[in-house]
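Accompanying notes for the structure given below.
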Amino acid sequence: MDPRQRILLETVYESIIDASYNPRELRGSKIGVYVGIGNFGKQEEFKALPNTGGYTNIGLNLSMAANRISYCFDFKGPSFVLDTACSSSSYAFVCAIKDMMLGETDGAIVCGTHLLQHPFETAEFMRLNMLSPDGKCKVFATDRNGYVRAESVVSYFLQRESKSRRIYATVIGAKSTVDGYKKEGITFPSSEEQYILMKELYESANIDPNDIQFVETHGTGTPSGDLVECEALAKHYCQKRTKPLLIGAVKSNMGHSEITSGLCSLTKAIIAMETGIIPANLHTESLDNSLPGIRDNKIKVITENTKFLGGCIGVNCFGFGGANTHIIIDSNKREKSPIKQKLPKNRLVQVSGRTEEAVLHFLEGVERNQDDAEFLAMVDEVHKFNVDGHNYRGYIVLGDRPTKEVERYNKPRPIWFVYTGMGSQWNKMGKDLLNIPVFKNTMNRCAKALEPYGVDLINIITSEDPSVFDNIMNCFCAIGCVEIALTDVLYSLNINPDGICGHSLGEVGCSYADGQISCEQAALLVYARGYASTTAKIIPGQMAAIGLSKEEVSKMLPEGVFIACQNAKENVTISGRLEVTKAFVDKLAAQGVFARLVKSAEIPFHTKYLAEAGKFLLKFCKNVLPDPKPRSKKWISSSVPLNKQHEEWSQYNCAEYHYNNFCNTVLFDQVYEHIPENAIVIEVAPHGLLQAILKREMGKETTQISITNRSTDDNEKFFLSAIGKLYLAGGQPNLKNLYTDVTFPVSRGTKMLSPLVKWDHSVTWFSGLYKHKDYFGKSVTVSLLDEEYAYLEGHQIDGRILMPATGYFVSFVKLKYS
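Per our numbering: the sequence shown = residues 1 to 818.
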């Protein structure tokens, strides 16, 4: 493939990323592609290579420079290349602007690509006395003697302001003309045509040329080019000026990139707008004061870095065949606030790349700019969708002690939510999470719903009092509402489960995650459990975790003790009369069996002893759920036995369902078979109580993620790290809803994203191009790419392929008798 086109694909991608867009967002859009590209001096040599494989024409065809971009990114707008010599890329820019103004396109990719690959063109330009013999572009200098050839590959992404997330500049106007016939010859520029072009453009844009502080000129450093351009500039810009017009030419800084020079000039103008500094012209020690406008101080060449005062900039460009363009751009008026923005204590950022090195490079750039909320928001926008072809993912949690992680990414995976029940509560379990706006909002709504019932929810989840959870009502309300709020946070991140299941109280979380009830209703459902547990008369009871199967425990249970929760193959929770249960636990422990008491406020949950309490719960829940909705298929029940799943009540999120869950055995062991082997299982709870069981019961291909933890000193950071791990595992969180303090388009001066894109150029190859000259008469060409000689690859010594002696003999025979 023509290397100009290969590099062009990279810069187009970088321009899209820099605009804070994920390429997937733009697929199928009516975006035009306009590419300035010139003749390719090595086409014939490439075509002469043996074993080209049939794709040489496609790889070298100039039209492919635009069409391949449209193909790769699935753009549906106009797609073409053009060549007007030095004004090619600016001509492409003008075409793109016209199509956008006419409504032909919704956006445009404008490119120019130019590499110096063959000495022929340079030699020809030297013969025309266009190139500087001393290798300097001395634009507007007395000793100017031509220009220096340069290379560049440039891509612009043009959008309408309403869709932009970043604005470097606004295009006020763009126009093109051609000189037509000139008695001096086709390569001689025309000051009159350039003047007419500027005059017509400024009149149509309704802009006074005297208001323009700076013009970026074509300025090649040729004797005739500088003279003619200064004549046109003086005639248009300097009729009523009170201050000199400042001019410069990027060719003095980087050389003349010919085909792409127009976009290079535009880039310099934008740099001046972004930085507030107009770069100085170089090599102007002896300024030519005889040039029009300069001689009467109406035009001033910038010979030192100069402050840009704002407003519009004109960019002039012309080709050596007479094709002229002029573009007017205006700066982004939105400036960075002088007041330092308050940033979150912890800030999650996720990125992806083709290699691990690329991801680490991007994360380093993120860390350098962690104080710029606008920059981070742009990164979030790029990575809210998967980027095709990115095989690695990484995340970083910014803060006082940044943490980051990178892993190889394979493919999206199903996501399951598992809601935990009693036992996951702990002091201050919601305090750090209140830093997350979505969590705080939902908790406040739940708190308001519970306030009439005397429950101070916010105090419960933030209290440092170790006795706060001695009250069973506080346990139910805190666990349930934290799970409800965490659900809202996950959904706000666009983390949507393929399946949900819950353990005991956790099924209230399922009822909310299923989308059929409000958070206020869900909060009242968890309150109903506390209300029933504290209102009804219940015998003193005890619960305990046992490390045996349900079959083994069933044979050993004393009277008055029952299996309350079937947690896993080798783990159950028993519940029953207080003293009998404690004695049974002691007996098992003495036999070396894992047996541990569970805090349950001396209530034997999930047994027949809750029958009276169940009546209170049923009545309360009927008021909360007056119009029950069917449960979706993604909600896998852990409370309805298989022999009752045909009954109508079991199909609904209704009072009867929650009554059954409260009073009967938890059948959590029947949900595992429904969870896919490659699933990402997110435990939604104040603490990952089920992590050990889930890891033991699920296959190695399953990823278990706990999003909170009682052992951490910063639960918000733990949560953000968990979301990062979810991203690594194959989830696709959309972080923009987690950080909503940025509005687009971002302020001027927000750092670029494109330098953070790192390409994998580790695979290289060398193709020698030369004209064959036969010095010895007949010859035989032996190529391993030729099927006839491919077998020779098997002759290796010390890992190197060597031509065997018999091979030379065979070649001699072929020559002898050919």
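For each residue, glycine too, the CB sits at the ideal point set by N, CA and C. The model shown is predicted, which means the values in this text are computed figures rather than measured ones.
(message) Output needed for Ser87: all residues of its chain with C-beta closer than 6 angstroms, excluding positions within five of it in sequence on either side, in chain order.
(response) Translated into the one-based positions of the sequence shown, residue 87 becomes position 87. Excluding sequence positions up to five before and after Ser87, its CB lies within less than 6 angstroms of the CB of Gly262, Cys317, Phe318, Gly319, Ala323 and Thr325, all in the same chain and listed in chain order.
(request) Report the three-state DSSP secondary structure of Tyr147 (helix, strand or coil). (result) For the purposes of this step, residue 147 is identified with residue 147 of the sequence shown, where counting begins at 1. Strand.
(message) Using C-beta distances below 8 angstroms, list every residue in its chain close to Leu642, excluding the 5 sequence neighbours before and after it, in chain order.
(response) Taking the first residue of the sequence shown as position 1, residue 642 is located at position 642. Cβ neighbours of Leu642 within its own chain (closer than 8 angstroms, five residues either side excluded): Gln670.
(request) Starting from the Cα of Glu464, find the closest Cα among Met429, Leu548 and Val228 and give me that residue. (result) The sequence position of residue 464 within the sequence shown is 464, counting from 1. Considering only alpha carbons, the answer is Met429.
(message) Quick check for students: name the residue ranges of the beta strand (DSSP E) that lie wholly in the stretch 337-423, counting only runs of 3 or more.
(response) Segments of the beta strand (DSSP E) lying fully in the stretch 337-423: 347-353, 392-398, 403-408 and 415-419.
(request) Buried or exposed for Tyr756, please, with buried defined as at least 16 other CB atoms from any protein chain shown within 10 angstroms of its CB. (result) Position 756 of the sequence shown, counted from the first residue, corresponds to residue 756. It should be pointed out that residue 756 corresponds to Leu in this sequence rather than to Tyr. Counting Cβ neighbours within 10 Å, Leu756 comes out buried, since at least 16 surround it.
(message) Buried or exposed, going by whether 16 or more other CB atoms sit within 10 Å of the CB of His503?
(response) For the purposes of this step, residue 503 is taken as the residue at position 503 of the sequence shown. Counting other Cβ atoms within 10 Å of its Cβ, His503 reaches 16 or more and is therefore classed as buried.
(message) Would Gly103 and Asp74 be called neighbours here (beta carbons separated by less than 8 angstroms)?
(response) By one-based count along the sequence shown, residue 103 stands at place 103. By one-based count along the sequence shown, residue 74 stands at place 74. No. Outside cutoff.
(request) State the Cα-Cα distance for the pair Thr56 and Pro3, rounded to the nearest angstrom. (result) As a working note, residue 56 is residue 56 in the sequence shown. As a working note, residue 3 is residue 3 in the sequence shown. When the Cα atoms are used, Thr56 and Pro3 turn out to be separated by approximately 12 angstroms.
(request) Work out the CA separation of Ser176 and Arg408 for me, nearest whole Å. (result) Residue mapping note: residue 408 aligns to position 408 of the sequence shown, counting from 1. Residue mapping note: residue 176 aligns to position 176 of the sequence shown, counting from 1. Rounded to whole angstroms, Arg408 to Ser176 spans 49 angstroms at the Cα level.
(message) My assumption, with CB atoms under 8 angstroms, is that Leu694 sits in contact with Val418. Please give the rounded CB distance.
(response) On the sequence shown, residue 694 is found 694 positions in, with the first residue counted as 1. On the sequence shown, residue 418 is found 418 positions in, with the first residue counted as 1. Leu694 to Val418, Cβ: 7 angstroms. Contact.
(request) Ignoring anything shorter than 4 residues or poking outside the stretch 481-541, list the alpha helix (DSSP H) runs there in chain order. (result) Listed in chain order, the alpha helix (DSSP H) runs fully inside the stretch 481-541 are 506-513 and 519-535, counting runs of at least 4 residues.
(message) Using the Cβ count rule (16 or more neighbours within 10 Å means buried), how would you classify Met64?
(response) The residue labelled residue 64 in the question sits at position 64 within the sequence shown. Buried: at least 16 other Cβ atoms inside 10 Å.
(message) Measuring alpha carbon to alpha carbon, tell me which residue in Ala583, Ser79, Met443 and Ile707 is nearest His687.
(response) What you label residue 687 is simply residue 687 of the sequence shown in a count that begins at 1. Among Ala583, Ser79, Met443 and Ile707, the Cα nearest to that of His687 is on Ile707.
(message) Under DSSP, the beta strand (DSSP E) around Lys300 begins and ends at which residues?
(response) One-based indexing of the sequence shown puts residue 300 at position 300. That run of the beta strand (DSSP E) goes Ile299 to Val301.
(message) Within a Cβ cutoff of 6 angstroms, which residues of the same chain sit near Thr84, ignoring the five residues on either side of it in sequence?
(response) Within the sequence shown, residue 84 is the residue found at index 84, counting from 1. Result list for Thr84: Tyr91, Gly319 and Ala323, in chain order.
(message) Does the structure place the stretch 615-623 close enough to the stretch 538-547 that three or more beta carbon pairs sit under 8 angstroms?
(response) Because the criterion of three Cβ pairs below 8 angstroms is not met, the stretch 538-547 and the stretch 615-623 do not touch.
(message) What does the alpha-carbon distance come out to for the pair Arg24 and Asp380?
(response) Position 24 of the sequence shown, counted from the start, is the residue given in the question as residue 24. Position 380 of the sequence shown, counted from the start, is the residue given in the question as residue 380. Taking the CA atoms as reference points, Arg24 sits about 14 angstroms from Asp380.
(message) So, with DSSP's three-state summary, where would you put Phe80?
(response) By 1-based counting over the sequence shown, the position of residue 80 is 80. Reduced to three states, the DSSP call for Phe80 is strand.
(request) Within its chain, find whatever has a CB closer than 8 angstroms to the CB of Tyr727; leave out the 5 residues flanking it on each side and keep chain order. (result) Counting from one through the sequence shown, the residue named residue 727 turns up at place 727. Correct list, in chain order: Gln350, Arg393, Tyr395 and Pro733.
(request) Return the first residue and the last residue of the alpha helix (DSSP H) that Asn571 is part of. (result) In the sequence shown, residue 571 corresponds to position 571, counting from 1. Taken as a continuous stretch (DSSP letters only), Asn571 belongs to no alpha helix (DSSP H), being part of the beta strand (DSSP E) at Asn571 to Arg577.
(message) Threshold first: 3 residues or longer. Then list the beta strand (DSSP E) segments lying entirely within the stretch 205-260, N to C.
(response) Secondary structure remark: continuous beta strand (DSSP E) runs of at least 3 residues inside the stretch 205-260, in chain order: 214-216 and 245-248.
(request) Put His326 into one of helix, strand or coil per three-state DSSP. (result) Locating residue 326 in the sequence shown gives position 326, where the first residue counts as 1. Of the three classes helix, strand and coil, the one that applies to His326 here is strand, per DSSP.
(request) Just the C-alpha distance for Ala611 and Cys663, rounded to the nearest angstrom, thanks. (result) Here residue 611 corresponds to residue number 611 of the sequence shown, with the count starting at 1. Here residue 663 corresponds to residue number 663 of the sequence shown, with the count starting at 1. The straight-line gap from Cα to Cα measures roughly 7 angstroms.
(request) Hey, could you find the ends of the beta strand (DSSP E) Lys175 is sitting in? (result) Stepping through the sequence shown from its first residue, residue 175 is reached at position 175. Counting along the chain, the unbroken beta strand (DSSP E) around Lys175 starts and ends at Ala169 to Val178.
(request) Please name the residue or residues paired with Met543 in a DSSP beta bridge. (result) The count along the sequence shown starts at 1 and reaches residue 543 at position 543. In the DSSP output, where bridge partners are listed per residue, Met543 has Ser575 and Val598.
(message) Can you find the residues in the same chain that come closer than 7 angstroms, C-beta to C-beta, to Ser533, ignoring five residues on each side of it along the sequence?
(response) Numbered from its first residue, the sequence shown carries residue 533 at position 533. Ile472, Ile603 and Ala613, listed in sequence order.
(message) Do Val526 and Val822 count as a contact pair if the criterion is CB distance below 8 angstroms?
(response) Any question about residue 822 goes unanswered here, given that the chain covers just 1 to 818.
(message) Just to confirm before moving on: does the CB-CB distance between Glu356 and Val438 stay below 8 angstroms?
(response) Numbered from its first residue, the sequence shown carries residue 356 at position 356. Numbered from its first residue, the sequence shown carries residue 438 at position 438. Taking 8 angstroms as the Cβ cut-off, Glu356 and Val438 do not qualify as a contacting pair.
(request) Measuring alpha carbon to alpha carbon, tell me which of Glu787, Phe809 and Phe744 ends up nearest Arg166. (result) Translated into the one-based positions of the sequence shown, residue 166 becomes position 166. For the options Glu787, Phe809 and Phe744, the alpha carbon positioned closest to that of Arg166 is the one of Phe744.
(message) Can you find the residues in the same chain that come closer than 6 angstroms, C-beta to C-beta, to Ala66, ignoring five residues on each side of it along the sequence?
(response) As a working note, residue 66 is residue 66 in the sequence shown. Within the same chain, Ala66 has close Cβ partners Val33, Val35, Ser79, Phe80 and Val81.
(message) So for Pro626, helix, strand or coil by DSSP?
(response) Position 626 of the sequence shown, counted from the first residue, corresponds to residue 626. The DSSP-derived three-state label of Pro626 is coil.
(message) Excluding the 5 residues flanking Ile186 on each side, which residues of the same chain have their C-beta closer than 7 angstroms to its C-beta?
(response) Sequence index remark: in the sequence shown, residue 186 carries index 186 (1-based). In the same chain as Ile186, and ignoring 5 residues on each side of it, the C-beta atoms closer than 7 angstroms to its own belong to Gly321 and Gly322, in chain order.
(request) If I'm right that Arg413 touches Asn678 with Cβ under 8 angstroms, what's the distance once you round it to whole angstroms? (result) Taking the first residue of the sequence shown as 1, we reach residue 413 at position 413. Taking the first residue of the sequence shown as 1, we reach residue 678 at position 678. The pair is a contact, with the Cβ atoms about 5 angstroms apart (cut-off 8 angstroms).
(message) Less than 8 angstroms between the C-beta atoms of Asp488 and Cys446, yes or no?
(response) Within the sequence shown, numbered from 1, the residue matching residue 488 stands at position 488. Within the sequence shown, numbered from 1, the residue matching residue 446 stands at position 446. One thing to note: Asp488 has its Cβ no nearer than 8 angstroms to the Cβ of Cys446.
(message) I need the straight-line Cα distance from Asp18 to Val153, nearest angstrom please.
(response) Numbered from 1 along the sequence shown, position 18 holds the residue referred to as residue 18. Numbered from 1 along the sequence shown, position 153 holds the residue referred to as residue 153. Rounded to whole angstroms, Asp18 to Val153 spans 16 angstroms at the Cα level.
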